[in-house]
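Residue numbers (our numbering): 1415 to 1848.
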């Protein structure tokens, strides 16, 4: 062609490179991944929350008080729901701010008339309502259900239940009337707290308790219908198994409990030093225990991370001993059995339901020092029986307290309460961990 130019039809225009696809705003909607795990609102963003419209997947808020002995439940729920295929979960640990703590402080010289514990739960209620209201950072309309640990965290969700449509699930290890009748907390303050609790129970959809002792109180003391009161015992997922014991070395006894004196750690230490220091290596896992270098054959661990406790420490022990004088439940007794460690614990509250006496562990009456000493020595002097009970605990505990069993039943009940239909496409299968 003139000028030697090529026909325009022959020009080769480089192909425009394709833009790589944008990552999804909500990568956590892939089945088996929690949407958000947050201390207060630190990790909460609109894009990390479920949408406002219902789907076949359960939109679940797990709201846990930081200062509770039931945080193990929250940790197990987090691990379980991270692999549950039909749930979008948001986990929030609640740390009350300074102004809430100030409102809850005891008034000096007025202990008898100071209703600090009642002010405490209403302060939580006021603060959490600002998060959960419509348009708030944790708008309850985005959730089908809220699991509240312990139960008084549920006051704010219960207030907003009608307007949000969010079902309220309470989790605890006792009721206020349990504590008054069986543990000695019977005073005007706790009677006032029981009235608050009764109104809360009336508005809740499900009330899950760690023992039948507590569940019966929900039914009998608070007149709640049977379909609302659930038994959800302490549970544990993966716990490393104890290796066969080397009988040539000392028996290894572990105490687990940050409240060292209330849970009987001081008494166990005294018995050890007076009677067993040559036969037993005592391991103390407690943030409140003050290490005493003069104590012979004692290992002071301080506060122990739960993963390290279950994965590294418990499987090296032989006995777990906790002579508590005031407890509603005992999560470490279940964790110990899962590892094949034999528990010796107090017959108090809901604890007796966690142990098969003489099979997987031993129970002793509250304050019975001679009984605890005799129970420990009965196993120190009979290693064959100790080994047999260890094996029984390791076999029987997973069937009773296994995480997938216990929490699977609970989440199924929550789906039912939320009115979510069963669907093979969102079956409650466990997704393989990635």
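A virtual CB, placed ideally from N, CA and C, is assigned to each residue, including glycine.
Here the structure is a predicted model, which means the values were calculated and not measured.
Task: Assumed close pair residue 1506, residue 1552 - CB separation to whole angstroms, cut-off 8 Å - done: 7 Å
TODO: Please determine if the segment 1633–1653 and the segment 1603–1616 are in contact, where contact requires at least 3 C-beta pairs separated by less than 8 Å.
DONE: yes
- [ ] Helix, strand or coil for residue 1669, going by three-state DSSP, please let me know.
- [x] strand
Task: Nearest residue (CA-CA) to residue 1645, options 1585, 1698, 1701, 1671 - done: 1585
Open item on the list: Short of 6 Å in beta carbon distance, which residues of its chain neighbour residue 1660, apart from the five on each side in sequence? Order them along the chain.
Closed with: none
Open item on the list: Give me, in chain order, the residues of the same chain whose beta-carbon lies closer than 6 Å to that of residue 1698; leave out the 5 immediate sequence neighbours on both sides.
Closed with: 1669, 1714
TODO: Could you pull out every residue in the same chain whose Cβ sits closer than 7 Å to the Cβ of residue 1501, ignoring the five residues on either side in sequence?
DONE: 1471, 1472, 1474, 1495, 1825
Task: Backbone CA spacing between residue 1468 and residue 1556 [nearest angstrom] - done: 8 Å
Open item on the list: Closer than 8 Å is the cut-off here; do at least three beta carbon pairs connect the segment 1678–1692 with the segment 1780–1787?
Closed with: yes
Task: Identity of the residue in 1625, 1656, 1620 nearest residue 1640 by Cα - done: 1620
TODO: Report yes or no: do the segment 1476–1484 and the segment 1558–1569 share at least 3 C-beta pairs separated by less than 8 Å?
DONE: yes
Task: Ordered list of beta strand (DSSP E) runs contained in the segment 1760–1833, each at least 3 residues - done: 1776–1779
TODO: Enumerate in chain order the residues of its own chain whose CB-to-CB distance from residue 1850 is below 6 Å, with the five nearest sequence positions on each side excluded.
DONE: The requested residue 1850 does not occur in the structure, where the chain is confined to residues 1415 to 1848.
Open item on the list: Please report the straight-line C-alpha distance between residue 1708 and residue 1691, rounded to a whole angstrom.
Closed with: 12 Å
Open item on the list: Whole angstroms are fine: how far does the CA of residue 1466 sit from the CA of residue 1704?
Closed with: 51 Å
Open item on the list: Quick check on the burial criterion: 16 or more other C-beta atoms within 10 angstroms. Buried or exposed for residue 1576?
Closed with: exposed
Task: Helix, strand or coil at residue 1734 [DSSP, three-state] - done: strand
- [ ] Please classify residue 1588: does DSSP put it in a helix, a strand, or coil?
- [x] coil
Open item on the list: Looking only at its chain, what residues have a beta carbon closer than 8 Å to the beta carbon of residue 1810, apart from the 5 residues adjacent to it on each side?
Closed with: 1751, 1770, 1773, 1774
Task: Of the listed residues 1610, 1596, 1457, 1676, nearest to residue 1762 (C-alpha basis) - done: 1596
TODO: Quick one: residues in its chain with C-beta nearer than 6 Å to the C-beta of residue 1558, no 5 flanking neighbours on either side, listed in chain order?
DONE: 1472, 1473, 1832
- [ ] At 3 residues or longer, and completely inside the segment 1488–1565: list those beta strand (DSSP E) runs for me, N to C.
- [x] 1501–1508, 1559–1563
Open item on the list: For residue 1442 and residue 1821, what's the separation of their Cα atoms in angstroms?
Closed with: The predicted position of residue 1442 is uncertain, since its pLDDT is 38 and thus under 50; no value can be drawn from it.
Open item on the list: Buried or exposed for residue 1797, going by 16 or more other Cβ atoms inside 10 Å?
Closed with: exposed
- [ ] Evaluate residue 1513 with the Cβ neighbour count: other Cβ atoms within 10 Å of its Cβ, from every protein chain shown; 16 or more gives buried, anything less gives exposed.
- [x] exposed
Open item on the list: So, with DSSP's three-state summary, where would you put residue 1727?
Closed with: helix
Task: Whole runs of the alpha helix (DSSP H) within the segment 1601–1656, excluding any shorter than 4 residues - done: 1602–1617, 1626–1634
Task: C-alpha distance - residue 1572 paired with residue 1582, whole-angstrom precision - done: 6 Å
Open item on the list: By DSSP's criteria, residue 1697 is part of a beta bridge. Which residues make up the other side?
Closed with: 1668, 1713
Task: Which of helix, strand or coil DSSP assigns to residue 1578 - done: helix
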